[in-house]
Amino acid sequence: MFNRVTRSSITIFKKHTIRTFASSLTCYNLNNSRSCDIGRQVYHSFAVKSFVYQYPEWSANTINDVVQGLVDKFQVSIGKENVFQLIGEAAINEDQVGVEKILNELEKNYHKQLYSKDIHLLSHLAHPKALLKMIAEKDNGKVCLNVKQLTSTYEASVLYNENELSKELNESQLIAEKMACVKALEGYFYEKLTNINVDLASLPLEEDVILGSDDLKIRTLLIQKKANEPYGLTVCGGEQKVVRNKDYIQQYIISPIFITDIVDDSPAQKCGLHVGDILIAVNDHSLKNVLHKQAVFNLKKFVGRTDVQFTVMYDKSVLLKHQIEMKLSNRQKENIKDEIASERFGKWHLAKAKENPEEYFTETFVHKKKPFFPKRHPSSKRLWDKYVT
Numbered sequence: 033m034f035n036r037v038t039r040s041s042i043t044i045f046k047k048h049t050i051r052t053f054a055s056s057l058t059c060y061n062l063n064n065s066r067s068c069d070i071g072r073q074v075y076h077s078f079a080v081k082s083f084v085y086q087y088p089e090w091s092a093n094t095i096n097d098v099v100q101g102l103v104d105k106f107q108v109s110i111g112k113e114n115v116f117q118l119i120g121e122a123a124i125n126e127d128q129v130g131v132e133k134i135l136n137e138l139e140k141n142y143h144k145q146l147y148s149k150d151i152h153l154l155s156h157l158a159h160p161k162a163l164l165k166m167i168a169e170k171d172n173g174k175v176c177l178n179v180k181q182l183t184s185t186y187e188a189s190v191l192y193n194e195n196e197l198s199k200e201l202n203e204s205q206l207i208a209e210k211m212a213c214v215k216a217l218e219g220y221f222y223e224k225l226t227n228i229n230v231d232l233a234s235l236p237l238e239e240d241v242i243l244g245s246d247d248l249k250i251r252t253l254l255i256q257k258k259a260n261e262p263y264g265l266t267v268c269g270g271e272q273k274v275v276r277n278k279d280y281i282q283q284y285i286i287s288p289i290f291i292t293d294i295v296d297d298s299p300a301q302k303c304g305l306h307v308g309d310i311l312i313a314v315n316d317h318s319l320k321n322v323l324h325k326q327a328v329f330n331l332k333k334f335v336g337r338t339d340v341q342f343t344v345m346y347d348k349s350v351l352l353k354h355q356i357e358m359k360l361s362n363r364q365k366e367n368i369k370d371e372i373a374s375e376r377f378g379k380w381h382l383a384k385a386k387e388n389p390e391e392y393f394t395e396t397f398v399h400k401k402k403p404f405f406p407k408r409h410p411s412s413k414r415l416w417d418k419y420v421t
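The opening position of the sequence shown corresponds to residue 33 in the working numbering, with each subsequent residue numbered one higher.
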């Protein structure tokens, strides 16, 4: 009897220990992310003010480009520990002396050591995709940016005339793409980059630049495959959403159907479909403003054919919105799991689940409430404002 009780106690203790560790690990990762975000904002505000006083002749665009170039440089190259995390942790703990010490060190070692050549490079490297595309067009070359989603990171690689120039891994797809392009420019087009003369303000936004695809043009592709062979793609979208227009009038829309994943060596990949392509039509069936269920039904209808025509248009914005929504959804689920595991909220969840299991599951995991972001009063200050006033 004693042994049975002991084994039971040990089992309960192990489960509690694992649960506590998982909860603390989740909180640790969230705190790290929050510290980095706050630290980045603190440094950005400080750097802008520093350059305004140091270089009063600079335009706002030049200051923004140089600061952004330094931000990109710091978050990947300064030591093993993220400098923005150190700034953020000091700011959260209201250690103003610690924050100012790090900022002054960065200003001394980087801001005041900038030469005209460094300024030219930093300001231009804030637009790596646009400049890569411009250089390729002048040389009649073909530049392509490939992105693969791995387990917890994104792998971005730059190809020039089918030769790989650079590769970058990062948890953020945007950072992975940008740093891969920066590496390609510095490693293979350094001389052209230092001598290029272009109005940076006239360049398009980085998120609007597409490398390796027809720039937001409608394409018609023919998938050739065996009868009943899968296309080899995954689609999302077709959801009813509430949006507000520029006049703040609420409208109901159906999100477009788009590709989120493509299997290697599949018919979809071989015909030239890309992750981020919006499906406009399949054969003679339109996929515009249709719900997800109807879109899947239309796609399955032609699986038995050997030739299927897809009409698509690449739009990176829908893919990025989807990734942000998925991250937010996963974070909400992790928060709910932490609540269930905690002593404070666990009893409440258990009582609700016993009272009406179906309603509890639907409200908790399916129809989650949208996060509330309070508006900042004009007279209030953000955490990082105290370091730049």
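Virtual Cβ for every residue (Gly too), placed ideally from N, Cα, C. Bear in mind that the values here come from a model prediction, so they are computed numbers and not experimental data.
Helix, strand or coil, according to DSSP, for residue i in the structure here?
| i | result |
| --- | --- |
| Glu121 | helix |
| Phe116 | helix |
| Ile228 | coil |
| Thr423 | What the structure shows of the chain is the stretch from 33 to 421, and residue 423 is not part of that stretch, so it cannot be assessed. |
| Gln272 | strand |
| Gln256 | strand |
| Phe393 | helix |
| Leu265 | strand |
| Asp246 | Its pLDDT being 45, under 50, Asp246 is placed unreliably by the model, and the measurement read from it follows with that caveat. Of the three classes helix, strand and coil, the one that applies to Asp246 here is coil, per DSSP. |
| Thr38 | With a pLDDT of 44 at Thr38, under the threshold of 50, the modelled position of that residue is not reliable, and the figure given next carries that caveat. In the structure shown, Thr38 sits in a helix (DSSP, three-state: H, G or I). |
| Gln364 | helix |
| Leu331 | helix |
| Asp339 | strand |
| Leu164 | helix |
Can you check whether the CB of residue j is closer than 8 Å to the CB of residue i?
| i | j | result |
| --- | --- | --- |
| Glu200 | Leu177 | no |
| Ala158 | Gly101 | yes |
| Leu243 | Val175 | yes |
| Val99 | Phe83 | yes |
| Val17 | Leu331 | Here the chain has residues from 33 to 421 only, and residue 17 is not among them. |
| Phe221 | Ile167 | yes |
| Ala264 | Val322 | Here the sequence assigns Gly to residue 264, which means Ala is not the residue at that position. In this structure, Val322 does not lie closer than 8 Å to Gly264 by Cβ. |
| Val275 | Ile286 | no |
| Val190 | Leu197 | yes |
| Ala259 | Gly336 | yes |
| Thr266 | His354 | no |
| Glu261 | Pro299 | yes |
| Glu238 | Lys165 | no |
| Gln205 | Val179 | yes |
| His381 | Glu371 | yes |
| Ile23 | Val340 | Nothing in the structure corresponds to residue 23, since the chain is present only between 33 and 421. |
| Asp104 | Met211 | yes |
Whose CA, out of the options, lies closest to the CA of residue i?
| i | options | result |
| --- | --- | --- |
| Asp309 | Val295, Gly130 and Lys348 | Lys348 |
| Thr338 | Ile285, Lys257 and Lys144 | Lys257 |
| Tyr346 | Pro288, Asp316, Asn260 and Leu135 | Pro288 |
| Asp231 | Glu375, Thr94 and Gly120 | Thr94 |
| Leu305 | Glu261, Lys325, Leu352 and Arg251 | Arg251 |
| Leu118 | Leu135, Tyr87 and Met358 | Leu135 |
| Arg66 | Val80, Phe78, Trp90 and Gly120 | Gly120 |
| Val328 | Phe290, Lys365, Ala385 and Val350 | Phe290 |
| Cys68 | Leu206, Phe106, Lys384 and Asn96 | Phe106 |
| Lys140 | Arg376, Gln86 and Tyr192 | Gln86 |
Report, in whole angstroms, the separation of the C-beta atoms of residue i and residue j, which I expect to be a contact under 8 Å.
| i | j | result |
| --- | --- | --- |
| Val131 | Val214 | Rounded, the Cβ-Cβ distance is 28 Å, inconsistent with contact. |
| Leu163 | His152 | About 12 Å; that fails the 8 Å criterion. |
| Lys320 | Ile312 | 6 Å |
| Leu253 | Phe342 | 5 Å |
| Ala123 | Gly71 | 7 Å |
| Tyr392 | Lys384 | 5 Å |
Between residue i and the ligand GDP, is there a pair consisting of the residue's CB and a ligand heavy atom that are separated by less than 7 Å?
| i | result |
| --- | --- |
| Asp339 | In the structure on display, the ligand GDP does not appear, and there are no ligands present to speak of. |
For this session: Only counting runs of 4 or more residues, tell me where the alpha helix (DSSP H) segments fall wholly within the stretch 179-221, in order along the chain.
Result: For secondary structure counted as the alpha helix (DSSP H) over 4 or more consecutive residues, the stretch 179-221 holds these complete runs in sequence order: 205-220.
Exercise. What are the complete alpha helix (DSSP H) segments, minimum 4 residues, inside the stretch 272-317?
Worked result: 299-303, all fully within the stretch 272-317.
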